[in-house]
Amino acid sequence: MDLKKILSGGMGLSMVKPVVNYIQHDTERLKELLVLLDKGDIKLQHHTSYALFHVALNDAQLLLPHCALFLNLLQRKNIHESTKRNVLRCFQELDCPEAFVGELLEQCYLFMKNAAHAPALIAFAINVAAPICKRYPELIEEFLLVLKELQQFHTAPSVLACIKKAQKVVMKKGKH
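Per the working numbering, the sequence shown starts with residue 197, numbered consecutively.
This is how it looks when you write it as structure tokens:
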């Protein structure tokens, strides 16, 4: 299958389904997709990241060995926010390995604290950070402070809804 050709076309589920079906649980086929994500132009990266999110929905465990690449993409300056948003969406599906949790949380905080970012990127950063903080209770207090600060200057409904949801997630007692 020519992934580049498929992903260079239009975007939507009609593009995603064949890609997800092609990759299934195959690590070598996933690597083909990741090369396009890593090395493609901005449009190709965006389409690839969208497909990757659907791969994560199908088999999140398949993506675990590639967390370092995903973190690298989040830190790059020349990556479109839509690609970063889709990478964060992938992290929502993953139980991030402990080796990457600190770096991922730091990146989420950077997105959350930068009002120049689109509300959707900030919202996804909140959604990724909340379960991490729930997993490590010593981080909850700092996270709640960041949310409080964010709530004071951000009025986008999507961000405010994510703040409320995240506050409930980290304050809920019980299983992590």
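The beta carbon of each residue, even a glycine, is placed where N, CA and C say it ideally should be.
Classification of residue i by the beta-carbon crowding that lies within 10 angstroms, buried from 16 upward
i: Ile318; result: buried
i: Glu272; result: As written in the sequence, residue 272 is Arg, which differs from the Glu given in the question. The residue in question, Arg272, is exposed, as its Cβ has fewer than 16 Cβ neighbours within 10 Å.
i: Thr244; result: buried
i: Ile238; result: exposed
i: His242; result: buried
i: Ala357; result: exposed
i: Leu306; result: exposed
i: Leu300; result: buried
i: Met367; result: exposed
Same chain, Cβ closer than 7 Å to residue i, five either side skipped, listed in chain order
i: His372; result: Caution is warranted here: a pLDDT of 44 is assigned to His372, below 50, making its placement in the model unreliable, and the coordinate value is therefore given only provisionally. Result list for His372: Lys330 and Arg331, in chain order.
i: Asn254; result: Val216
Assumed close pair residue i, residue j - CB separation to whole angstroms, cut-off 8 Å
i: Ile359; j: Leu346; result: 6 Å
i: Leu226; j: Ser204; result: Contact flag wrong, Cβ pair sits at about 19 Å.
i: Pro315; j: Ser354; result: 5 Å
i: Ala325; j: Phe339; result: 6 Å
i: Leu199; j: Val215; result: 7 Å
Short CB-CB distance (under 7 Å) between residue i and chain B
i: Glu294; result: The question asks about chain B, but that chain is absent: this structure has only one protein chain.
Residues near residue i in its chain [Cβ-Cβ closer than 6 Å; skip 5 each side]
i: Met197; result: Tyr218
Contact set for residue i: own chain, Cβ-Cβ below 8 Å, skip 5 residues either direction
i: Ile275; result: Ile238, Gln241 and Leu269
Segments of 4+ residues assigned as alpha helix (DSSP H) that fall wholly inside the segment 316-366: Listed in chain order, the complete alpha helix (DSSP H) runs (minimum 4 residues) inside the segment 316-366 are 336-349.
Complete runs of the alpha helix (DSSP H) confined to the segment 228-287 [at least 4 residues]: Listed in chain order, the complete alpha helix (DSSP H) runs (minimum 4 residues) inside the segment 228-287 are 238-255 and 263-271.
Segment contact, 8 Å Cβ cut-off, at least three pairs: the segment 253-260 with the segment 231-244: Contact between the segment 253-260 and the segment 231-244 is not established, with fewer than three Cβ pairs separated by less than 8 Å.
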